[in-house]
Amino acid sequence: MGRSTTRGTSRDGAFDARFWIERDEDALASTSVVAGADGAAIEIERRTVTARGVDASATPYALARGARGGGARALLVYTHGTGSSKEEVLDRARAYAREGWDCAVFDAVGHGERARGEDDAYGRVLAEAYDRIERSGETRERYGNSPYVVDGAIDCLRVARAALGNAPGTTRACFAGESLGGMYAACAAAGWSLDWGFKLVACAPMIGFSSFSYGVEHERWFARAISLPKRLWSRVSDGARETPTLADVKDFYSRVCPDICGGSRDGARVLARIRAKRVHFCAVNGSDDARNPMEGVMEAFAEQPSRAKQYGARAQCTIVAQKGVGHEITDAMRDVVRTFLTNVAANFVEPEAMTFDDKIWDVVSNEVAENVREPLRAKLESWANGGIDLASYLDDADREFLSDPASSVALASEGVDAVVALIEKARERAEVKYVSPFEIAKREKAERLVREREEAEEAERRRRVAEREAEREAERRRVEEAEARRLAAEAERVERARLQAEEAERRRVEAENAERARLEREELARERELEAEKKRAEEAAERARKEAEETRRVEGLARVRALLTKKNSVKEEMKASAKERVSDKLKVRQASISERLMRLKSSHSRRLQEEEDSERNGLI
-17 MGRSTTRGTS
-7 RDGAFDARFW
3 IERDEDALAS
13 TSVVAGADGA
23 AIEIERRTVT
33 ARGVDASATP
43 YALARGARGG
53 GARALLVYTH
63 GTGSSKEEVL
73 DRARAYAREG
83 WDCAVFDAVG
93 HGERARGEDD
103 AYGRVLAEAY
113 DRIERSGETR
123 ERYGNSPYVV
133 DGAIDCLRVA
143 RAALGNAPGT
153 TRACFAGESL
163 GGMYAACAAA
173 GWSLDWGFKL
183 VACAPMIGFS
193 SFSYGVEHER
203 WFARAISLPK
213 RLWSRVSDGA
223 RETPTLADVK
233 DFYSRVCPDI
243 CGGSRDGARV
253 LARIRAKRVH
263 FCAVNGSDDA
273 RNPMEGVMEA
283 FAEQPSRAKQ
293 YGARAQCTIV
303 AQKGVGHEIT
313 DAMRDVVRTF
323 LTNVAANFVE
333 PEAMTFDDKI
343 WDVVSNEVAE
353 NVREPLRAKL
363 ESWANGGIDL
373 ASYLDDADRE
383 FLSDPASSVA
393 LASEGVDAVV
403 ALIEKARERA
413 EVKYVSPFEI
423 AKREKAERLV
433 REREEAEEAE
443 RRRRVAEREA
453 EREAERRRVE
463 EAEARRLAAE
473 AERVERARLQ
483 AEEAERRRVE
493 AENAERARLE
503 REELAREREL
513 EAEKKRAEEA
523 AERARKEAEE
533 TRRVEGLARV
543 RALLTKKNSV
553 KEEMKASAKE
563 RVSDKLKVRQ
573 ASISERLMRL
583 KSSHSRRLQE
593 EEDSERNGLI
């Protein structure tokens, strides 16, 4: 492992397991059991792993375990993509649990429960990390400063270790993830070591493995960059823009995820470390993926060292792209990953090779897992150059080859001479007597075999005792089951009799109810007929009453009309009489007025005459 920091990361891409082991605490929040499609129970544990003294390290995860015998296949840590959460991939965890896996899913930083209800929590976390590093000038990696890829990879390892502690029966783990989750899985696999306390056997990133340096150097960076929150690029550009430039992207990568472009966390270096750890690898991609360009995937694989001179166990390395697919995960991709993981679970050392239809898939790599034996002479030369006692390192096949007489094996003489010469060189170079670690290991192995034999005998004795006990228990269970079947049959007979009696009673009640309903209908019909007759009589009486009233009304109207006619006649007579009286009065009044006028005229004429006479008399 490389130089570690106080926050559990290192510059060579590995992660400091001891830092997290000393601080992590795993707490159970709740447990629930759900029934699978096949009726098998699936247990879901909701837990949180938290590191003491490390801010924002609380990582909620769900562990799905199905009912099974003989322990789990292995633990699978399945990681969600950008903008998703553990709840959105929990169905996939349940599906793997139904197949016998222990499957853990967790909320990445800024997602799910860790978003705390905030819409753009991931953008805020990325922007704050960039701001914190820019202000402090800190270049050292530490948890919280690298929420893009690195922190998620550490969380993947932490969750795997915590989940394995709660999932007895296996110490092996596999990582898989979608998009950003695939990047977490690959980075975690590259940073894994046995110090974490478990064996990582497989890694399967889906649309999450590529060469970042290829994208930056070949103008294929924009699609990935624009998928990150606008809030981040606004902060990187000091509020100038929400759409990133190449300079913004390089600045962000260098600060928040060091070495991702051409460094220890880029695709080629990540894959090289995964293969060196003998971890089986399967990456699926879309041939038209702009965010994760296929050319970058191919370049990352092209930089891998040749396996021609690699001896010992070689891990499987499968990299394929589905034709005509962009940045999306199809059912076919998931089927490839599921088949890969199933094969690994069936044989952790040399899983079965996969085949692909070239009409659907572009195959970049499909290297099978194998154990390549180093040639004897090359092995002897390497041992001699190291000053090692060669004889103790030879296996039975090598010894048999070297011990064959020269007459029966043409190469034996040359081989023996070569061994003698090489041993001679080794002895000349050795200043002190060399005790081979393999010799010590052989003695320890012999002692271990004795112990194992004794333990096996004890285990066999216990097994026989257990078998006898199991037979007695099986007999007791058979008796109990027979009694249970008898009781069940008796209960079934009683239940059938009860049901028959209930059915007869039900039919009797139904017949009584039907008869009662018939009588009620007849009674109701009679009542309705009587009611109708009564109504008809009332209607006839009402019609007669109305006719009588109409007759009386007509007669009354006739009398009223006669009275009105008589009244009008009297009125006319009175009017005529009144007119005559008024006319007479007017005539009398007119004659009286004429007479008065004549008297007034006469009086006036006399007065005028008298005045004239007075005037004449005065003149005289």
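Just so we're aligned: 273 in the numbering used here is position 291 of the sequence shown, and the numbers increase by one with no gaps anywhere.
We put the beta carbon where it would ideally sit given N, CA and C, even for glycine.
Could you give the first and the last residue of the continuous alpha helix (DSSP H) run that contains residue i?
{"i": "asparagine 348", "result": "Not the alpha helix (DSSP H): asparagine 348 falls in the beta strand (DSSP E), residues 343 to 349."}
{"i": "glutamate 199", "result": "194 to 199"}
{"i": "threonine 321", "result": "313 to 328"}
{"i": "glutamate 281", "result": "276 to 284"}
{"i": "aspartate 84", "result": "Run containing aspartate 84: none in the alpha helix (DSSP H); it sits in the beta strand (DSSP E), 84 to 88."}
{"i": "glycine 306", "result": "Per DSSP, glycine 306 belongs to no alpha helix (DSSP H) and is neither H nor E."}
{"i": "alanine 272", "result": "Note, alanine 272: premise wrong, no alpha helix (DSSP H); not H, not E."}
{"i": "lysine 212", "result": "212 to 218"}
{"i": "alanine 204", "result": "The amino acid at residue 204 is misidentified as alanine; the sequence shows phenylalanine. Its alpha helix (DSSP H) spans residues 204 to 208."}
Quickly, what does DSSP pair residue i with across the bridge? List them, please.
{"i": "methionine 188", "result": "Glu160 and Val266"}
{"i": "asparagine 353", "result": "Ala295"}
{"i": "threonine 300", "result": "Cys264 and Asn348"}
{"i": "alanine 155", "result": "Leu57 and Leu182"}
Rank the options by C-alpha distance to the C-alpha of residue i and give the top, closest one.
{"i": "glycine 249", "options": "Ala172, Arg206 and Thr312", "result": "Ala172"}
{"i": "valine 252", "options": "Lys561, Arg510 and Met165", "result": "Met165"}
{"i": "tryptophan 178", "options": "Leu506, Ile3 and Ala272", "result": "Ile3"}
{"i": "isoleucine 242", "options": "Tyr196, Asn148, Leu539 and Glu439", "result": "Tyr196"}
{"i": "aspartate 6", "options": "Arg28, Ser39, Glu25 and Phe(-3)", "result": "Ser39"}
{"i": "glycine 151", "options": "Arg578, Ser585, Glu334 and Phe180", "result": "Phe180"}
{"i": "isoleucine 342", "options": "Gly221, Met315 and Glu332", "result": "Met315"}
{"i": "phenylalanine -3", "options": "Gly244, Leu176 and Tyr235", "result": "Leu176"}
{"i": "proline 333", "options": "Arg527, Val261 and Gly538", "result": "Val261"}
{"i": "phenylalanine 194", "options": "Glu436, Ala452, Ser14 and Pro275", "result": "Pro275"}
{"i": "threonine 337", "options": "Ala328, Val331, Ser347 and Asn329", "result": "Ser347"}
{"i": "alanine 265", "options": "Asp339, Phe322 and Phe330", "result": "Phe322"}
Would residue i and residue j qualify as a contact pair, given that the criterion is a beta-carbon distance under 8 Å?
{"i": "phenylalanine 263", "j": "alanine 303", "result": "no"}
{"i": "alanine 75", "j": "alanine 46", "result": "yes"}
{"i": "tryptophan 215", "j": "aspartate 233", "result": "no"}
{"i": "tyrosine 78", "j": "valine 71", "result": "no"}
{"i": "valine 141", "j": "alanine 86", "result": "yes"}
{"i": "cysteine 156", "j": "leucine 58", "result": "yes"}
{"i": "isoleucine 189", "j": "histidine 62", "result": "no"}
{"i": "alanine 448", "j": "asparagine 353", "result": "no"}
{"i": "valine 31", "j": "alanine 109", "result": "no"}
{"i": "arginine 213", "j": "glycine 94", "result": "no"}
{"i": "serine 209", "j": "alanine 282", "result": "no"}
{"i": "aspartate 270", "j": "glycine 306", "result": "yes"}
{"i": "valine 91", "j": "arginine 247", "result": "no"}
{"i": "alanine 158", "j": "alanine 170", "result": "no"}
{"i": "arginine 55", "j": "tryptophan 83", "result": "yes"}
{"i": "glutamate 27", "j": "asparagine 148", "result": "yes"}
{"i": "alanine 238", "j": "tyrosine 112", "result": "The sequence given here places valine at residue 238; alanine does not occur at that position. Going by C-beta atoms, valine 238 is nearer than 8 Å to tyrosine 112."}
{"i": "arginine 206", "j": "arginine 273", "result": "yes"}
Could you give the distance in angstroms between the alpha-carbon of residue i and the alpha-carbon of residue j?
{"i": "arginine 117", "j": "arginine 217", "result": "13 Å"}
{"i": "valine 279", "j": "threonine 312", "result": "18 Å"}
{"i": "leucine 393", "j": "lysine 259", "result": "Note that leucine 393 scores a pLDDT of 42, beneath 50, so its modelled location is shaky; the value from the coordinates is reported in the next line. One C-alpha to the other measures close to 36 Å."}
{"i": "arginine 535", "j": "lysine 517", "result": "26 Å"}
{"i": "glycine 600", "j": "glutamate 562", "result": "57 Å"}
{"i": "alanine 33", "j": "aspartate 89", "result": "16 Å"}
{"i": "arginine 503", "j": "arginine 478", "result": "36 Å"}
{"i": "arginine 154", "j": "valine 183", "result": "7 Å"}
{"i": "glycine 65", "j": "arginine 257", "result": "30 Å"}
{"i": "asparagine 325", "j": "aspartate 101", "result": "40 Å"}
{"i": "alanine 23", "j": "alanine 44", "result": "16 Å"}
{"i": "glycine 48", "j": "valine 345", "result": "34 Å"}
{"i": "arginine 588", "j": "glutamine 572", "result": "24 Å"}
{"i": "alanine 254", "j": "alanine 186", "result": "15 Å"}
{"i": "tyrosine 125", "j": "valine 350", "result": "36 Å"}
{"i": "serine 236", "j": "isoleucine 136", "result": "19 Å"}
{"i": "arginine 80", "j": "aspartate 133", "result": "30 Å"}
{"i": "glutamate 455", "j": "alanine 470", "result": "21 Å"}
{"i": "glutamate 521", "j": "glutamate 505", "result": "24 Å"}
{"i": "glutamate 429", "j": "arginine 435", "result": "10 Å"}
{"i": "arginine 29", "j": "proline 42", "result": "6 Å"}
How would you write the range of the beta strand (DSSP E) that residue i sits in, first residue to last?
{"i": "serine 12", "result": "6 to 17"}
{"i": "arginine 29", "result": "23 to 33"}
{"i": "alanine 46", "result": "41 to 48"}
{"i": "valine 59", "result": "57 to 61"}
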